[in-house]
Structure formats: structure tokens, C-alpha cells
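Chemist: Going by numbering that gives the first Met the number 0, the sequence shown opens with residue 0, and the numbers climb by one from there.
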Amino acid sequence: MIIIKTSTASFLSLSGGVFILKKCSGFTLVEIVISLFLISLIAGTMLPVYIQIKEERVWLEQELFVHGKLTELILAYYYDEPELPDSVERNGTVFFVRAKHLEKSELEVCIHWQYKTKTREKCLYKIE
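1. Buried or exposed, going by whether 16 or more other CB atoms sit within 10 Å of the CB of W112?
2. Pick from V65, I52 and L83: whose alpha carbon is nearest that of I106?
3. CA-CA distance, V108 and R97?
4. According to the Cβ coordinates, are K121 and H66 closer than 8 angstroms?
5. What number of angstroms, rounded off, separates the C-alpha of K103 from the C-alpha of K68?
6. Since Y124 and V57 are thought to touch, with beta carbons under 8 angstroms apart, how far apart are those beta carbons, to the nearest angstrom?
7. Just curious, the beta strand (DSSP E) that F95 is in, first and last residue?
8. I need the DSSP call for L106, collapsed to helix, strand or coil.
9. I need the DSSP call for L83, collapsed to helix, strand or coil.
10. Check whether the Cβ atoms of Q61 and T27 lie closer than 8 angstroms to each other.
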């Protein structure tokens, strides 16, 4: 058995050339810099993905709201109120309602809205 001592650690040599580290005094500056670089690289890669997922979630929530509101407006138009509102507001977003009578008894109700820089429109049709 051979003991090798350095300024930072002691190694114990066993038969067959196997070394066992007996004492470790911490991380080196290079290891810390490499670790920080890898963490920042992963964070920098994941941030745009997170932002895109958040934007898509908002769009999906708005689409679900619009679909439900269109159905509600068409049913209300035929059964209760012959007048449709010009706009509907939800969570700070204004949804504009447009209704158009097409051929015979067909009704097209559309809602368009803007979120940030994108404009969307969704329409439903009611045929009697």
C-alpha cells in the first residue's frame, strides 16, 4: 500500500493500480465556471419555449371563450333577443361581434379580436 500526498488531496494506492481519494477540498474555479455556463445555456434555451407555451395558452383560452360566446349569442338571437351586442369584454380584451344574414334563414355570427399584434376571427353559422 502506497500513500501519495499532494497539496489538495491524499491518494491511497491499492494493489492493481487503483487509487482512492481520501480528502477533497472543494471545487476549482474552472468547474464552477463550466457549471454556470451550462446552467445559463439550458436556461437560455428553455426561456423562449416557456414564453411560446404561455402565449399559446392565452390564445387557446381566448378561442374557447369565443366559441362558447358565439354559441351563446346565436342561441340568444333565435330564442330571446333579436339584437346582438357590438362587443364583449373579457380580461381586458375587447371582442367585436358582427352578424350577417346570408341566404334565406342563414345567420353568420363572427367575433374578431386582437391580442398584442395578432388579429383573429372566428365565425359560426346557424341554419334554420
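Ideal Cβ positions, reconstructed from N, Cα and C, are used throughout, including at glycine. This one's a predicted model, so the numbers in the text were calculated from it and none came from an experiment.
Modeler: In brief:
1. Within the sequence shown, the letter at position 113 stands for residue 112. With 16 or more other Cβ atoms within 10 Å, it is buried.
2. In the sequence shown, residue 106 corresponds to position 107, counting from 1. The question names Ile, yet the displayed sequence has Leu at residue 106. Of the candidates V65, I52 and L83, the one whose C-alpha sits nearest the C-alpha of L106 is L83.
3. On the sequence shown, residue 108 is found 109 positions in, with the first residue counted as 1. On the sequence shown, residue 97 is found 98 positions in, with the first residue counted as 1. Distance between the alpha carbons of V108 and R97 is about 6 angstroms.
4. Residue numbering aside, residue 121 sits at position 122 when the sequence shown is read from its first letter. Residue numbering aside, residue 66 sits at position 67 when the sequence shown is read from its first letter. A contact, by the Cβ cut-off of 8 angstroms.
5. Here residue 103 corresponds to residue number 104 of the sequence shown, with the count starting at 1. Here residue 68 corresponds to residue number 69 of the sequence shown, with the count starting at 1. A straight line joining the alpha-carbon of K103 with that of K68 spans about 24 angstroms.
6. Residue numbering aside, residue 124 sits at position 125 when the sequence shown is read from its first letter. Residue numbering aside, residue 57 sits at position 58 when the sequence shown is read from its first letter. Contact between Y124 and V57 is absent: CB atoms are separated by about 26 angstroms, not below the 8 angstroms threshold.
7. Walking along the sequence shown from the start, residue 95 turns up at place 96. Segment T92 to H100, the beta strand (DSSP E) holding F95.
8. As a first step, residue 106 is located in the sequence shown; it is residue number 107 there, counting from the start. Three-state result, L106: strand.
9. Taking the first residue of the sequence shown as 1, we reach residue 83 at position 84. Of the three classes helix, strand and coil, the one that applies to L83 here is coil, per DSSP.
10. The residue labelled residue 61 in the question sits at position 62 within the sequence shown. The residue labelled residue 27 in the question sits at position 28 within the sequence shown. With a cutoff of 8 angstroms on beta-carbon distance, Q61 and T27 are scored as not near each other.
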